[in-house]
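**Student:** For the sequence shown, counting from 1, position 135 maps to 135 in the UniProt record's numbering; every step adds exactly one. Think of the CB as a built atom: it goes at the ideal place given N, C-alpha and C, for glycine as much as any other residue. Predicted model, so just to flag it, every value in this text is computed and none were measured. Right, I'll just put the structure down here and ask away after.
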Amino acid sequence: MSFEIGVWYADPPITAEEALRRYLAWCDAVPEATEPSAPVTAFYADLTRELPDLTAENYAASPWATPLTVGDDFVLMDAVFPRAAEACRVVLRLAGEHRMVCFDPQTDHDTLEMTDSVRFGPGDASLVLRPTLEDVLRGLAHPDPPPPSDGSR
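Below you can see the structure in the form of structure tokens.
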């Protein structure tokens with residue numbers, strides 16, 4: 001099992017439907033030999049510095065189920081499920097640093113509520129999910145989950 005994530009740069013704010021359309025188009029496209037844009041190159045370099053791309057040599061330790069797909073203006077990732085939370089935290093943080101959109105295609109696309117429940121400005125690592133603002137702020141403030149409030153471990 002794996003967890004898919006897409007990251008790209010978008011000037012105007014986009015709807016969940018537009019994010020899904022772009023993501024599916026990139027997933028269905030035949031890969032072309034194109035040069036990634038500067039923001040994508042910088043994001044990919046920082047991402048692979050922290051979570052190296054999947055290779056034959058690191059497959060047992062890699063958080064990725066497949067090699068990263070890098071296009072001219074996007075990066076598609078497929079994290080192994082046991083490490084999906086770790087990968088998502090890193091991807092979301094780096095997308096924010098690089099002012100890119102982060103998209104989660106696992107949600108029910110017909111009922112995405114991201115644009116109704118949380119509104120971020122353009123190019124600020126908008127995560128197209130259904131978190132509450134409190135969830136997002138807590139996740140950004142605590143890169144590792146906080147210990148249970150009842151003191152148990």
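(1) Suppose contacts are defined by Cβ-Cβ distances below 8 Å. Is PHE103 in contact with GLY6 by that definition?
(2) Between the alpha carbons of ILE14 and ARG22, how many angstroms are there, rounded?
(3) Compute the Euclidean distance between the alpha carbons of ALA19 and MET100, then round it to the nearest angstrom.
(4) Which partner residues of residue 154 appear in the DSSP bridge assignment?
(5) What does the Cβ neighbour count give for PRO63, buried or exposed, with the cut at 16 atoms within 10 Å?
(6) Under a three-way DSSP split, which group does ARG61 fall into?
(7) Thinking C-alpha only, which one of VAL70, ALA45, PRO39, ALA65 is nearest ALA29?
(8) Quick one: using the 10 Å Cβ neighbour count with 16 as the cut-off for buried, is CYS27 buried or exposed?
(9) Could you give the distance in angstroms between the alpha-carbon of PHE3 and the alpha-carbon of ALA79?
(10) Tell me whether ALA79 sits in a helix, a strand or coil according to DSSP, three-state version.
(11) How big is the Cα-Cα spacing for ALA56 and ALA10?
**Tutor:** If we stick to the structure as given:
(1) By one-based count along the sequence shown, residue 103 stands at place 103. By one-based count along the sequence shown, residue 6 stands at place 6. Going by C-beta atoms, PHE103 is nearer than 8 Å to GLY6.
(2) Here residue 14 is taken as the residue at index 14 of the sequence shown, counted from 1. Here residue 22 is taken as the residue at index 22 of the sequence shown, counted from 1. Near 10 Å, if we compare the C-alpha coordinates of ARG22 and ILE14.
(3) Numbered from 1 along the sequence shown, position 19 holds the residue referred to as residue 19. Numbered from 1 along the sequence shown, position 100 holds the residue referred to as residue 100. Taking the straight line from one Cα to the other gives about 12 Å.
(4) No information on residue 154 is available, as it lies outside the stretch 1 to 153 that the chain covers here.
(5) The residue given as residue 63 occupies position 63 in the sequence shown. Result: buried.
(6) Start at 1 with the first residue of the sequence shown, and residue 61 comes out as number 61. According to the sequence shown, residue 61 is Ala rather than Arg. ALA61: coil per DSSP, three-state reduction.
(7) Position 29 of the sequence shown holds residue 29. Nearest of VAL70, ALA45, PRO39, ALA65 to ALA29, Cα basis: VAL70.
(8) As a working note, residue 27 is residue 27 in the sequence shown. The residue in question, CYS27, is exposed, as its Cβ has fewer than 16 Cβ neighbours within 10 Å.
(9) On the sequence shown, position 3 is the one that residue 3 refers to. On the sequence shown, position 79 is the one that residue 79 refers to. So the two alpha carbons sit approximately 5 Å from each other.
(10) On the sequence shown, position 79 is the one that residue 79 refers to. ALA79: strand per DSSP, three-state reduction.
(11) Taking the sequence shown and counting its residues from 1, one reaches residue 56 at position 56. Taking the sequence shown and counting its residues from 1, one reaches residue 10 at position 10. Looking at the two C-alpha atoms, the distance is approximately 33 Å.
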